Structures are given as structure tokens and as C-alpha cells.
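K.L.:
Once you've had a glance at the structure underneath, I'll fire off some questions.
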Amino acid sequence: MSSCCSGSFSSQPSPPDNRYRKVLWVALLINVLMFGVELVSSMRSGSVSLLADSVDFLSDAGNYAVSLFVLGMATIWRSRAAYVKGVVMGMFGVLVLVRVLWIGMGSRVPEAETMGLVSIVAFAANGLVALLLYAFRNGDANMRSVWLCTRNDMIANLAVLLAAVGVFGTKAGWPDIAVASIMAFLGLSAARDIIGRARSEMRSLSTSTS
């Protein structure tokens with residue numbers, strides 16, 4: 001889960017793929033819907049790990065929107081899109097860490113039942129998106145990062161489910177805070193990897209065209 005970007009691709013722009021475009025639209029709609037579901041659920045349940053997961057859905061929705069925008073453009077633009085996605089992921093990671101610190105100073109115990117139910121729904125939603133994107137997993141860096149991030153989000157959903165079990169068993173909020181912290185740090189690590197890969201690709205493309 002430490003990286004959402006790997007692979008190489010041709011310096012020539014690939015033609016738009018209608019199947020891929022349709023899949024991205026479906027993925028975008030699912031992620032926007034799940035962002036709303038998890039955001040409301042996190043506020044009602046007091047779960048910071050659900051908040052972290054909702055931010056993942058929002059970030060992914062932005063990723064799909066950017067990917068739709070650059071689909072069929074020159075490779076340099078797809079690399080730039082991957083770079084932007086990395087920056088956005090990093091910003092969201094910092095936001096979640098700030099929220100974790102704020103919640104950590106309180107004593108409220110989140111609702112384990114809500115956490116568990118929503119995390120299962122989120123896992124199913126990400127599973128559907130990952131299945132739809134599976135055929136495109138070996139595409140360029142942008143396609144690869146989209147699929148890997150979705151697959152890794154399923155791991156995050158399971159982590160939230162484990163946090164729910166921990167909260168239910170301990171009657172304390174620390175499992176929720178611990179999982180949210182881990183998710184935030186992993187998001188920052190993934191952002192660094194994506195930015196590094198995108199920079200490398202942009203340098204390579206600049207060298208080949210000069």
C-alpha cells in the first residue's frame with residue numbers, strides 16, 4: 001500500500017479507449033457517492049478512520065476526473081496529471097493527521113457498529129471498481145496508479161473494519177485513531193512515490209524531445 005504508481009509507457013500518446021472512459025465515469029460516480037456516505041457516517045459515528053477513508057474516496061474521485069480529462073492527450077500531460085494526483089494525496093494525508101491529533105485530545109468513543117457496516121459497503125464498492133479497472137492495470141503510469149490506488153483502498157477498508165472490531169472489543173477510541181494515523185502516513189508515502197515517478201517520466205520525456 002506504499003505505492004500507487006509504477007510501470008512504464010511509450011512516449012507516444014495513446015488513443016482514447018471508450019471502454020476505459022466508461023469505466024472511469026462509473027468509478028467516478030461510485031467514489032463521489034461513497035465519499036458522501038462515509039463523510040456523513042464519520043460525523044455521526046465520531047470515527048476518524050471513516051473520515052480518513054472518506055478522504056480516500058474524495059481523492060480517488062478527483063483522480064478519475066483528472067484521468068478523464070487527460071485521456072487521449074500526449075503522455076507528458078498524463079504524467080503531469082499523475083503528479084497533481086500525488087500532490088493532492090499528500091495534502092489529504094496531512095489533513096487527516098491534523099484531524100487525528102484533534103480527535104485524540106478528546107475522549108469520545110466512535111460507534112463500532114456504524115464503522116463496521118460502512119467499511120463493508122466501502123470494501124464492496126472499491127472491489128467493484130477494482131474489478132472494472134483490472135483489464136487496464138498494465139497501461140501507462142496514470143492507468144496503473146488509478147488501478148493500484150483502488151486496489152489498495154480495499155486494504156484500507158479492511159483496516160477500518162478491524163478498527164471497528166477493536167473499538168467494539170475495547171470500548172475505547174484508540175483503535176480508530178491508530179488505523180486513521182496509519183492510513184494517513186501510507187497516503188503520504190504513496191503520494192511521494194507517485195510524485196517521484198511522475199517527475200522521472202517528465203524528465204525522460206523532456207530529454208527524448210530535446
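Residue 104 in full-length UniProt numbering sits at position 104 of the sequence shown; the count goes up by one each step and never skips. We put the beta carbon where it would ideally sit given N, CA and C, even for glycine. In this text the structure is predicted, and so the values were computed from the model without any measurement.
(1) If I'm right that residue 202 touches residue 79 with Cβ under 8 Å, what's the distance once you round it to whole angstroms?
(2) Buried or exposed for residue 115, please, with buried defined as at least 16 other CB atoms from any protein chain shown within 10 angstroms of its CB.
(3) Can you tell me whether residue 126 is buried or exposed? The criterion is at least 16 other CB atoms within 10 Å of its CB, across all chains shown.
(4) Give the list of continuous alpha helix (DSSP H) stretches no shorter than 4 residues that lie fully inside the region 92 to 161.
(5) Can at least three beta-carbon pairs, one atom from the region 26 to 45 and one from the region 95 to 107, be found at a separation below 8 Å?
(6) Under three-state DSSP, which class holds residue 52?
(7) Which runs of the beta strand (DSSP E) at least 3 residues long sit entirely within the region 22 to 82? Give them in chain order.
(8) Quick check: the Cα distance between residue 165 and residue 112, rounded to an integer number of angstroms?
(9) Suppose you measure from the CA of residue 45 to the CA of residue 196; what does that come to, to the nearest Å?
P.N.:
Checking against the coordinates, here is how it stands:
(1) 5 Å
(2) buried
(3) buried
(4) 112 to 133
(5) no
(6) helix
(7) none
(8) Taking the straight line joining both Cα atoms gives about 7 Å.
(9) 37 Å
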